[in-house]
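Asks: Questions regarding the structure given below will be posed in turn.
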Amino acid sequence: MLSTTPNGNGYQPTSEQLQVLQTASEFAYQIWQSRTGACQTFLRSYPLDTTLTRQQIDDLIQDYTLDENYQLGHENKVMSGLRNLRMLLMMRWVWQDALAVIELEQLTDELSEFADGCILFAKNYTYQQLVTQYGQPTFINEKGNVQVDDMAIMAMGKLGAHELNLSSDIDLIFIHQARGETDGDKAKGTRSIDNKRFMTRLGQGIIKLLDNNTADGFVFRVDMRLRPWGDGSDLAIHLSALQKYFSQHGRAWERFAWLKARVVGHIERPFYDDIQALIKPFVFRYYVDYSAFSALREMKSLIQNQVAQREDLDNIKLGAGGIRDIEFIVQAFQLIYGGRHPQLQVKSCLKAMQALYELKYLEETTYQELQSAYRFLRRLEHGIQAINDQQTQRLPHDVHWQHNLALTLGFEDWAALLNTLNYHRYHVNVPFERMVTERQVPDHDDELEPANLDEQVARLNDVLTEENHSQLQNFWQSKMVANLSDEARERLDGAYPVIVHALLAHQDQQQLANTALPRLIALLEAICRRSIYLVMIAENPNATVELIPMLSASPWIAKELAQYPVLLDTFLQQRYRHLPDKLELRDILRQQLLRVEPNDEEKLLSVLRLFKKNQVLAVAASDVLAERPIMKVSDSLTYIAEVVLEAALERAFAEIVKRYGYPIGQDGDPVTEADCGFAIIGYGKLGGLELSYSSDLDLVFLHKIKEQGMTTGENSVSGMKFAARLAQKLMTYLNTQTRDGRAYEVDMRLRPSGNAGMMVVSCHAFETYQLEKAWSWEHQALVRARAICGDKRVTARFCDIRRTVLALPRTIEEVRIEVTSMRIKMQKHLGTSQWQQQAGKFHLKQDAGGVIDIEFLAQFAVLAYSHEHPTLTKWSDNVRIFEEMATLGIWEREICQDLTEAYLRIRAATHQLALSEQSLLVDESLWTETRALVQAQWQHLMGVESTE
0 MLSTTPNGNG YQPTSEQLQV LQTASEFAYQ IWQSRTGACQ TFLRSYPLDT TLTRQQIDDL
60 IQDYTLDENY QLGHENKVMS GLRNLRMLLM MRWVWQDALA VIELEQLTDE LSEFADGCIL
120 FAKNYTYQQL VTQYGQPTFI NEKGNVQVDD MAIMAMGKLG AHELNLSSDI DLIFIHQARG
180 ETDGDKAKGT RSIDNKRFMT RLGQGIIKLL DNNTADGFVF RVDMRLRPWG DGSDLAIHLS
240 ALQKYFSQHG RAWERFAWLK ARVVGHIERP FYDDIQALIK PFVFRYYVDY SAFSALREMK
300 SLIQNQVAQR EDLDNIKLGA GGIRDIEFIV QAFQLIYGGR HPQLQVKSCL KAMQALYELK
360 YLEETTYQEL QSAYRFLRRL EHGIQAINDQ QTQRLPHDVH WQHNLALTLG FEDWAALLNT
420 LNYHRYHVNV PFERMVTERQ VPDHDDELEP ANLDEQVARL NDVLTEENHS QLQNFWQSKM
480 VANLSDEARE RLDGAYPVIV HALLAHQDQQ QLANTALPRL IALLEAICRR SIYLVMIAEN
540 PNATVELIPM LSASPWIAKE LAQYPVLLDT FLQQRYRHLP DKLELRDILR QQLLRVEPND
600 EEKLLSVLRL FKKNQVLAVA ASDVLAERPI MKVSDSLTYI AEVVLEAALE RAFAEIVKRY
660 GYPIGQDGDP VTEADCGFAI IGYGKLGGLE LSYSSDLDLV FLHKIKEQGM TTGENSVSGM
720 KFAARLAQKL MTYLNTQTRD GRAYEVDMRL RPSGNAGMMV VSCHAFETYQ LEKAWSWEHQ
780 ALVRARAICG DKRVTARFCD IRRTVLALPR TIEEVRIEVT SMRIKMQKHL GTSQWQQQAG
840 KFHLKQDAGG VIDIEFLAQF AVLAYSHEHP TLTKWSDNVR IFEEMATLGI WEREICQDLT
900 EAYLRIRAAT HQLALSEQSL LVDESLWTET RALVQAQWQH LMGVESTE
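Following numbering that gives the first Met the number 0, the numbering of the sequence shown begins with 0 at its first residue and continues without gaps.
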């Protein structure tokens with residue numbers, strides 16, 4: 000099979016070999032066809048039946064980066080050479096794999112060695128270029144001596160374990176030794192910069208050489224999201240900062256990630272030892288690590304929920320019984336027991352599996368089945384990726400490539416391959432399901448016995464109204480139920496006793512089963528065809544009992560669940576019992592985004608939307624069941640929005656940088672991930688920490704980028720164009736309507752010049768506008784504005800501008816006239832009509848004595864008194880503005896307390912009305928006292944009556 004015929008240029012493969020290549024890979028066969036001579040020459044030197052050593056790989060990298068004078072090439076030559084080498088090696092590896100002449104471990108090892116070689120070459124190449132500009136990075140060591148700083152490149156994930164596959168990206172983390180600065184000397188033509196900036200540029204240079212997609216393709220996609228704090232943080236972290244991160248912020252899932260961490264290449268011993276001394280105690284605990292169990296359960300739950308949401312049987316990595324499940328089983332054991340058993344502190348999945356078997360943590364049968372499944376799935380993964388050199392683990396849908404893949408892997412046809420795949424999936428799923436299990440036991444499991452179902456159904460029939468009884472019968476007799484698969488019908492029948500029991504429990508407690516039932520039926524109609532959710536109901540009887548009251552309490556919750564059944568898991572896992580703070584929310588979203596490939600925009604939009612919906616629904620459930628204070632509810636809703644905006648900005652920035660390079664900051668240097676030159680400012684309810692369940696976001700975008708300077712990429716654009724495209728990308732991420740809805744409705748009308756203005760403006764332009772052109776109502780809006788996320792230098796500049804503008808000298812009478820005039824205009828346009836007033840209706844927000852009056856009083860206070868009392872500019876929310884007014888003695892404390900209480904009372908009512916899907920137009924008789932109080936204070940403080 001491997002015999003080849005030499006000719007003048009190189010080896011000539013046999014027709015059988017060429018047929019194997021054509022069958023296995025459109026990508027590799029096209030390389031052969033378009034570069035036949037180069038491929039023949041390459042295979043003559045490195046035949047298909049031989050392996051590659053690391054020395055050979057390093058020699059190849061050196062050869063392919065030389066120019067025509069055999070000197071190290073300039074950047075374009077180096078990038079082109081590395082990409083051409085990658086193409087030839089990929090052709091060879093794909094061919095070897097298709098011919099089955101290379102073992103799995105040998106193939107993944109060669110791929111990993113090539114990645115290591117390219118990384119080290121890119122590091123050295125970029126370092127030398129930077130040293131000629133800035134000198135060497137240095138720091139003062141413990142002994143007070145000047146020492147050269149170095150950067151360790153940590154390979155994570157598959158590369159860390161030497162398990163790289165044919166189209167893997169490479170997960171990297173950059174660590175340097177300490178703060179300091181370069182020894183640049185202007186007299187020698189170099190200038191000094193701090194080590195952080197040097198290491199950031201070193202990292203950017205490495206990424207550019209390997210990751211940039213040019214006419215010749217790419218070498219490796221580089222993924223930096225596993226670094227501490229993830230996207231939006233410094234590209235390189237120094238040792239003491241890493242130590243602080245591990246001790247104060249490191250999460251259990253990050254221990255999984257660092258389990259495979261490996262230093263690429265050689266670094267000096269003390270530095271290497273310092274890194275290992277940080278990683279080892281973070282990942283492994285000396286005693287059996289029982290504290291990891293709850294975190295592992297949560298991670299397992301996340302995996303199961305993603306499988307349930309996707310029902311993605313085509314994905315051999317993320318689907319049930321896939322590669323991820325095997326890795327979870329192995330790494331969970333390593334994490335729990337690795338501290339006691341050094342032999343478990345290995346990075347390779349297969350070696351760790353063997354150690355687990357030798358230590359008797361895996362039975363022989365399980366070990367053999369997992370090992371066999373892992374080898375099969377990894378070989379199948381290579382076969383899938385070889386087709387078009389795509390980073391995918393999804394089975395092909397095209398019948399032609401299904402047939403070709405089956406032949407390449409030695410099967411007669413596609414059905415035979417699927418049979419083997421399902422066999423292996425089953426034998427992975429069984430031990431995965433056994434891992435860190437915590438099955439819920441019903442409080443009254445005897446009531447769920449089939450023998451008692453008839454009695455329970457009879458009781459329910461007695462409770463239901465005639466209309467609801469008829470609706471329930473229609474559901475069971477519907478075409479949808481009749482057309483369910485046998486499995487789905489079995490699951491529905493299995494869940495029904497739990498549902499009946501939950502409805503009766505709700506009737507006993509609140510007599511509201513009839514309110515809940517129509518909403519429950521709508522939910523069942525939504526989930527019957529995704530029947531995994533019926534299993535969740537059947538297996539979580541206690542949680543189902545608590546789901547029913549939420550359906551009766553809030554049609555909004557019921558509608559969201561019916562429209563997006565993937566959210567059901569939040570309720571059945573009862574996550575609303577603990578509302579995460581902002582740091583926890585950030586971590587939850589970061590974990591979910593790590594499962595999204597950098598170029599998968601559709602998946603990114605889905606994750607952002609489902610994260611927002613899940614978390615908002617958890618807050619709503621907590622609001623309904625636990626009656627949390629309105630301030631806590633609004634804080635949680637605001638945190639969710641802030642975390643989504645942070646993540647959207649980080650991903651949008653990375654995407655635009657990939658396309659155009661880095662823009663130049665106003666300090667003359669390119670911006671970085673941590674200091675991106677761009678910030679998001681929140682106005683209105685977001686700015687005032689007052690978000691409700693369906694609030695839109697009032698946003699303004701600011702930048703500190705040189706508008707005329709050009710970006711650093713090959714496809715260079717002006718800084719202004721970069722900022723505008725970043726703003727557009729952000730709007731796409733937030734505002735685009737997908738099958739999962741929108742993340743948020745975004746309103747940009749409060750930006751300078753409103754809809755006629757630029758989507759993003761510089762800090763200088765914003766300041767000029769606010770000082771010279773803004774209307775009084777725009778200064779009112781600025782009271783409720785605050786920086787949400789982005790470059791800290793931009794947000795600090797915004798805070799300075801806001802403080803200056805709000806504290807401008809104004810007479811109290813001048814402010815009173817402007818605020819009153821605006822209030823009258825708003826009320827005329829948005830308040831209740833005359834006939835509504837005559838019918839005894841009151842609009843909680845817009846009418847006199849409503850929430851807008853209170854907000855305007857707070858804005859009046861800040862604009863009228865900040866010149867003499869600058870501390871009033873500190874807050875953007877009404878409650879703390881009133882607190883400050885009382886503390887300063889400008890208004891009486893009792894007045895401020897009355898306004899605060901009225902404000903919170905009305906806000907709480909608007910939240911409840913939103914959950915009940917009711918209008919803010921309410922019976923005036925219920926609000927007479929509150930309304931009279933607010934109107935009286937308006938008249939007292941503003942000196943005029945609020946208009947009816």
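Beta carbons are placed, not taken as given, at the ideal position from N, Cα and C, and that holds for glycine.
Contact check, Leu208 vs Ala121 under 8 Å by CB: the rounded distance?
Replies: Residue 208 sits at position 209 when you count from the first residue of the sequence shown. Residue 121 sits at position 122 when you count from the first residue of the sequence shown. Confirmed, Cβ separation roughly 4 Å.
Asks: Take Met821 and list the residues in its own chain whose beta-carbon comes closer than 8 Å to its own, dropping the five residues that flank it on each side.
Replies: The sequence position of residue 821 within the sequence shown is 822, counting from 1. For Met821, where only same-chain residues beyond five positions count, the Cβ hits under 8 Å are Ser775, Trp776, Gln779, Phe855.
Asks: Which of helix, strand or coil does DSSP assign to Asp62?
Replies: Along the sequence shown, one-based indexing puts residue 62 at 63. In the structure shown, Asp62 sits in a helix (DSSP, three-state: H, G or I).
Asks: Does the distance from the CB of Asp230 to the CB of Arg650 come in under 8 Å?
Replies: Translated into the one-based positions of the sequence shown, residue 230 becomes position 231. Translated into the one-based positions of the sequence shown, residue 650 becomes position 651. Yes.
Asks: According to DSSP, is Tyr638 helix, strand or coil?
Replies: Counted from its first residue, the sequence shown places residue 638 at position 639. In this structure, Tyr638 counts as helix in the three-state DSSP scheme.
Asks: Taking Cβ to Cβ, would you say Ala786 is nearer than 8 Å to Ala640?
Replies: Indexing the sequence shown from 1 puts residue 786 at position 787. Indexing the sequence shown from 1 puts residue 640 at position 641. No, the pair does not count as a contact, with Cβ atoms beyond the cut-off.
Asks: Along the chain, where does the alpha helix (DSSP H) containing Ala908 start, and where does it finish?
Replies: Locating residue 908 in the sequence shown gives position 909, counting from the first residue. 892-914 is the extent of the alpha helix (DSSP H) around Ala908.
Asks: For Pro597, is the classification buried or exposed, using 16 other Cβ atoms within 10 angstroms of its Cβ as the cut-off for buried?
Replies: The residue labelled residue 597 in the question sits at position 598 within the sequence shown. Pro597 is buried by the Cβ-count criterion.
Asks: Quick one: grab the DSSP three-state call for Lys840.
Replies: Start at 1 with the first residue of the sequence shown, and residue 840 comes out as number 841. DSSP places Lys840 in strand when its eight states are reduced to three.
Asks: On the CB-based measure, 16 or more other CB atoms within 10 Å of its CB, does His73 come out buried or exposed?
Replies: On the sequence shown, residue 73 is found 74 positions in, with the first residue counted as 1. Exposed, since its Cβ has fewer than 16 Cβ neighbours within 10 Å.
Asks: Could you compute how far the alpha carbon of Arg750 sits from the alpha carbon of Ala160?
Replies: Start at 1 with the first residue of the sequence shown, and residue 750 comes out as number 751. Start at 1 with the first residue of the sequence shown, and residue 160 comes out as number 161. Whole-angstrom Cα-Cα distance: 50 Å.
Asks: Are the CB atoms of Leu81 and Tyr63 within a distance shorter than 8 Å?
Replies: Counted from its first residue, the sequence shown places residue 63 at position 64. Counted from its first residue, the sequence shown places residue 81 at position 82. Yes. Within cutoff.
Asks: I'd like the span of the alpha helix (DSSP H) that includes Cys38, first residue to last.
Replies: Walking along the sequence shown from the start, residue 38 turns up at place 39. It spans 35-44 - the alpha helix (DSSP H) in which Cys38 sits, taken as one unbroken run.
Asks: Spell out the partners DSSP gives Gln146 in its beta bridges.
Replies: Indexing the sequence shown from 1 puts residue 146 at position 147. Answer by DSSP bridge pairing, in chain order: Phe138.
Asks: Using beta-carbon positions only, say whether Leu805 and Val745 come within less than 8 Å of one another.
Replies: Counted from its first residue, the sequence shown places residue 805 at position 806. Counted from its first residue, the sequence shown places residue 745 at position 746. Going by C-beta atoms, Leu805 is not nearer than 8 Å to Val745.
Asks: As a quick exercise: from Asn403, Gly683, Leu648, Lys772, pick the residue whose alpha carbon is nearest that of Asp695.
Replies: Looking up residue 695 in the sequence shown gives position 696. It is Gly683 whose Cα lies nearest to the Cα of Asp695.
Asks: Check for me: the beta strand (DSSP E) holding Cys788 runs from which residue to which?
Replies: Position 789 of the sequence shown holds residue 788. Note, Cys788: beta strand (DSSP E), 785-789.
Asks: Going by alpha carbons, who is nearest to Asp57 out of Lys195, Leu912, Glu112, Ser715?
Replies: Taking the first residue of the sequence shown as 1, we reach residue 57 at position 58. If we check each option's Cα against that of Asp57, Glu112 comes out closest.
Asks: Is it buried or exposed, Val632, if we count other Cβ atoms within 10 angstroms and call 16 or more buried?
Replies: Within the sequence shown, residue 632 is the residue found at index 633, counting from 1. So Val632 ends up on the buried side.
Asks: DSSP puts Ala678 in a beta bridge; with which residues?
Replies: For the purposes of this step, residue 678 is identified with residue 679 of the sequence shown, where counting begins at 1. According to DSSP, which records beta bridges pairwise, Ala678 is partnered with Leu701, Gly789.
Asks: State the Cα-Cα distance for the pair Leu447 and Gln242, rounded to the nearest angstrom.
Replies: Taking the sequence shown and counting its residues from 1, one reaches residue 447 at position 448. Taking the sequence shown and counting its residues from 1, one reaches residue 242 at position 243. Interpretation of Leu447 is limited by its pLDDT of 49, a score under 50 that renders its predicted location unreliable; the figure taken from the coordinates is listed afterwards. If I take the Cα positions, the gap works out to 52 Å.
Asks: Between the alpha carbons of Glu947 and Asp580, how many angstroms are there, rounded?
Replies: Locating residue 947 in the sequence shown gives position 948, where the first residue counts as 1. Locating residue 580 in the sequence shown gives position 581, where the first residue counts as 1. Below a pLDDT of 50, predicted positions are generally treated as unreliable, and Glu947, at 49, falls in that range; the measurement from the model is reported next regardless. Answer to the nearest angstrom: the Cα atoms are 42 Å apart.
Asks: Output the boundary residues of the alpha helix (DSSP H) element that contains Ser469.
Replies: Here residue 469 refers to the residue found at position 470 of the sequence shown. Its alpha helix (DSSP H) spans residues 465-475.
Asks: Using beta-carbon positions only, say whether Glu672 and Leu234 come within less than 8 Å of one another.
Replies: For the purposes of this step, residue 672 is taken as residue 673 along the sequence shown, with counting starting at 1. For the purposes of this step, residue 234 is taken as residue 235 along the sequence shown, with counting starting at 1. It is a contact, given that the beta carbons lie within the stated cut-off.
Asks: Starting from the N-terminal side, write out each stretch of the alpha helix (DSSP H) that is 4 residues or longer and does not extend beyond the stretch 207-252.
Replies: Within the stretch 207-252, the complete alpha helix (DSSP H) runs of at least 4 residues are 238-247.
Asks: Taking the alpha-carbon positions, what's the Lys772 to Arg815 distance?
Replies: Here residue 772 refers to the residue found at position 773 when the sequence shown is read from its first residue. Here residue 815 refers to the residue found at position 816 when the sequence shown is read from its first residue. Computed Cα separation, rounded: 20 Å.
Asks: Determine, using beta carbons only, whether Lys684 comes closer than 8 Å to chain B.
Replies: Included in the structure is just one protein chain, with no chain B present.
Asks: Got a sec? Which residues, its chain only, sit under 7 Å from Ala27 by beta carbon, not counting five neighbours each side?
Replies: Looking up residue 27 in the sequence shown gives position 28. Correct list, in chain order: Leu20, Met89, Met90, Val93, Trp94, Ala385.
Asks: Given a threshold of 16 other Cβ atoms within 10 Å of its Cβ, counted over all protein chains shown, does Met479 qualify as buried or as exposed?
Replies: Here residue 479 is taken as the residue at index 480 of the sequence shown, counted from 1. With fewer than 16 other Cβ atoms within 10 Å, it is exposed.
Asks: Alpha carbon to alpha carbon, what distance is there between Phe410 and Gly216?
Replies: Mapped onto the sequence shown, residue 216 falls at position 217. Mapped onto the sequence shown, residue 410 falls at position 411. Gly216 and Phe410: Cα-Cα distance of roughly 32 Å.
Asks: Sorted by chain position, which residues of the same chain lie with C-beta nearer than 7 Å to Glu368's C-beta, five sequence neighbours on each side aside?
Replies: The count along the sequence shown starts at 1 and reaches residue 368 at position 369. If we look at Glu368 and ignore the five residues flanking it on each side, its Cβ neighbours are His426.
Asks: Starting from Leu949, follow the alpha helix (DSSP H) in both directions and report where the run begins and ends.
Replies: What is shown of the chain runs 0 to 947, which leaves residue 949 out entirely.
Asks: Smallest Cα separation from Gly839: which of Arg658, Ile811, Thr927?
Replies: Here residue 839 is taken as the residue at index 840 of the sequence shown, counted from 1. Closest option to Gly839, Cα to Cα, is Thr927.
Asks: So, for Val345: in the same chain, excluding its five sequence neighbours on each side, which residues have a beta-carbon less than 6 Å away from its beta-carbon?
Replies: To locate residue 345, count along the sequence shown from 1; it is residue 346. Answer for Val345: Ala351, listed in chain order.
Asks: Expressed to the nearest angstrom, what Euclidean distance is found between the alpha-carbon atoms of Tyr563 and Ser621?
Replies: Counted from its first residue, the sequence shown places residue 563 at position 564. Counted from its first residue, the sequence shown places residue 621 at position 622. Each residue's alpha carbon lies about 19 Å from the other.
Asks: Whole angstroms are fine: how far does the CA of Arg250 sit from the CA of Ile30?
Replies: Residue mapping note: residue 30 aligns to position 31 of the sequence shown, counting from 1. Residue mapping note: residue 250 aligns to position 251 of the sequence shown, counting from 1. Roughly 44 Å between the two C-alpha positions.
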